[in-house]
Amino acid sequence: MSKPDLIIFDFDGTLADSVGFFRALLPELSRKFGFRLPSFEEQEAMRGHPPR
2 MSKPDLIIFD FDGTLADSVG FFRALLPELS RKFGFRLPSF EEQEAMRGHP PR
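For the sequence shown, the positions run 2 to 53 when this note's numbering is used.
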């Protein structure tokens with residue numbers, strides 16, 4: 002059996018879920034950079050969108 006040249010997989014939300022890490026870090030980063038902390042509803046609306 003030959004080895005594949007490339008393997009592509011969806012990591013976040015499939016193999017791992019980073020939402021807990023994101024929510025834990027968001028208050029600190031909001032304060033550090035002078036941004037308003039998004040509400041829970043706003044955070045939920047951001048889920049699934051790329052960071053750009």
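Note that beta-carbon positions come from the ideal geometry of N, C-alpha and C, so glycine has one too.
Expressed to the nearest angstrom, what Euclidean distance is found between the alpha-carbon atoms of phenylalanine 34 and glycine 49?
23 Å
Determine which residues share a DSSP beta bridge with aspartate 13 and list them.
Paired residue(s): Ala17.
Tell me the DSSP secondary structure of proline 51 in three-state form.
In the structure shown, proline 51 sits in coil (DSSP, three-state: anything other than H, G, I, E or B).
Note down the Cα distance separating alanine 25 from glycine 14, rounded to an integer number of angstroms.
Just so you know, the alpha carbons of alanine 25 and glycine 14 end up roughly 17 Å apart.
Taking DSSP as the reference, what is the three-state secondary structure of lysine 33?
helix
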